Amino acid sequence: MRYIKHENSCAPDALEICQTNIPSLASGQVLVKVACFGLNRADTLQRQGKYPAPAGESDILGLEMSGEIIEIHPEQTAHQSFKLGDKVFGLVAGGGYAEYVAVHSQHLMPVPINMEMPQAAGIAECFLTAYQAMFIENDLQPKQHVLIHAGASGVGLAAIQLAKRHGCAVAVTASSQTKLDLCKQLGADLVINYQQQDFAVEIAKHWQGCDLIIDFVAGDYLNLNLKLLNIDGCVLYLAMLAGRYADKLDMAMMLGKRATVKGSTLRSRDDQYKTHLIKEFSQTYLAEFDTRNIIPNIDTEFAAKDVGSAHQRLENNDTMGKLIGCW
90 MRYIKHENSC
100 APDALEICQT
110 NIPSLASGQV
120 LVKVACFGLN
130 RADTLQRQGK
140 YPAPAGESDI
150 LGLEMSGEII
160 EIHPEQTAHQ
170 SFKLGDKVFG
180 LVAGGGYAEY
190 VAVHSQHLMP
200 VPINMEMPQA
210 AGIAECFLTA
220 YQAMFIENDL
230 QPKQHVLIHA
240 GASGVGLAAI
250 QLAKRHGCAV
260 AVTASSQTKL
270 DLCKQLGADL
280 VINYQQQDFA
290 VEIAKHWQGC
300 DLIIDFVAGD
310 YLNLNLKLLN
320 IDGCVLYLAM
330 LAGRYADKLD
340 MAMMLGKRAT
350 VKGSTLRSRD
360 DQYKTHLIKE
370 FSQTYLAEFD
380 TRNIIPNIDT
390 EFAAKDVGSA
400 HQRLENNDTM
410 GKLIGCW
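For the sequence shown, my numbering assigns the number 416 to the last residue and increments by one with no breaks.
The structure is reproduced here in structure tokens:
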């Protein structure tokens, strides 16, 4: 099969299409012929040698894909409801940048009605991460106030939609008016250009505070986030685009707010956790894609041979939503 090879290189153009063996199946897995795959910042970090695949997982890039089931492991269990020929999308811990991938059957979901494969490939990682942040790692309640940094990222755009469907008020930060317009279109109530405005000042003008802050930036945002937090609020870190080290933590403010500051990842979670997450998300929100109350947010589709260019765009922060690779 074809796959996209990486050599722990800082250069996106080092990615190339090569040949390898089709993966064999373990009990509980199915083989999916991949149509499209989503690109994530984790892929660029892995390409650079900074984020290796979890032990025992494929070292091929790619955390999500869409395609067709073409083989099912003979040791079937009662919960495995998929059949040959089903169109599916879902999570993988590695191996998405390939023509075929072995997937735990409980980490797959059916492609929504009337949805094309590129759109389906852009759902799993961002929407499951957003759902996890709000409803697994936190107990977000209707009418609460949520601030989402990097609001025009794939996860940010997913989080806006899920929070609004849950009846919450949503504020976002982004780097351009075009990005803010997209966030507004998807339901954001308050949009802030962090390059021209002080987000802490803008939030304080309009809200008494935030109950949940979802942050991909890290760096010196920590105390600013704490300042905006309501009592018993939470700051959840999903990435560290501005660096791994924060400024000096204001412990008095954190204690006074009874704040929770936590970090979360998805790729390294065990199969049981991912199964639970996907089941909850599917029961709550998957049908919303059928009715288009929630939509995947696709920026651009790339041919598999051009994925290096897509990696460059991710690293340049030149995206609004998901980049998708297609075979």
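Ideal placement from N, C-alpha and C gives every residue a C-beta, glycine not left out.
None of the values given here were measured: they were computed from a predicted structure.
Asked	Found
Expected contact under 8 angstroms - CB spacing of T408 and L327 to nearest Å	Contact doesn't hold; Cβ gap of about 16 angstroms is too wide.
K346: first and last residue of the uninterrupted alpha helix (DSSP H) it sits in	M340 to K346
C-alpha distance - N405 paired with K411, whole-angstrom precision	14 angstroms
Bridge partner(s) assigned by DSSP for R91	Q108
A277: CB within 6 angstroms of a non-hydrogen atom of the ligand COA	Questions concerning the ligand COA fall outside what the structure shown contains, since it holds no ligand whatsoever.
Residue environment, E153, which counts as buried when at least 16 other CB atoms sit within 10 Å	buried
Assumed close pair L197, H162 - CB separation to whole angstroms, cut-off 8 angstroms	So it is not a contact: roughly 13 angstroms between Cβ atoms.
Between the CA atoms of Q285 and T360 - distance to the nearest angstrom	Per the sequence presented here, residue 360 reads as Asp, with Thr not at that position. Distance between the alpha carbons of D360 and Q285: 43 angstroms.
Three-way DSSP call (helix, strand, coil) for D257 in this model	Per the sequence shown, residue 257 should be read as Cys rather than Asp. C257: coil per DSSP, three-state reduction.
Within the segment 312 to 396, ranges of the alpha helix (DSSP H) (whole runs, at least 4 residues)	340 to 346, 360 to 370 and 376 to 379
Where C99 falls, given that 16 or more other Cβ within 10 Å makes a residue buried	exposed
Spatial distance of P231 from G256 (CA atoms)	5 angstroms
Integer Cβ distance of A187 from G151, believed to fall under 8 angstroms	7 angstroms
Three-state class that DSSP yields for T262 in the structure shown	strand
Nonlocal neighbours in the same chain, by C-beta distance under 8 angstroms from A331, ignoring five residues either side	V306, A307, G308, D309 and Y310
Distance between D339 and N312 (C-alpha atoms, nearest Å)	6 angstroms
Residue of L375, A222 and F288 minimising C-alpha distance to L355	A222
L128 and A399 closer than 7 angstroms at C-beta	yes
L318 to H234 span [Cα, whole Å]	10 angstroms
C-alpha distance - T364 paired with I225, whole-angstrom precision	13 angstroms
Among P101, I111 and L344, the one whose alpha carbon lies nearest that of Y189	I111
Beta-ladder partner(s) of S116, from DSSP	Note: S116 sits in no beta bridge, so no partner.
Rounded separation between A209 and T349 - CA only	34 angstroms
Contact check, I149 vs G183, beta carbons under 7 angstroms	yes
Cβ pair S155, M206 closer than 7 angstroms	yes
I302 beta carbon less than 7 angstroms from that of L236	yes
Same chain, Cβ closer than 6 angstroms to F391, five either side skipped, listed in chain order	A399 and G414
Given I159 as reference, the closest of S147, Q135, E146 and K176 once Cα atoms are compared	K176
Three-state secondary structure (DSSP) of P199	strand
Residue burial classification, V290 (beta-carbon count within 10 angstroms, cutoff 16)	exposed
7 angstroms Cβ cutoff met for P385 and I212	yes
Contact belief for H238 with Q118 at Cβ below 8 angstroms, rounded distance in angstroms	Rounded, the Cβ-Cβ distance is 36 angstroms, inconsistent with contact.
A252 and V244 closer than 7 angstroms at C-beta	no
Three-state secondary structure assigned by DSSP to K273	helix
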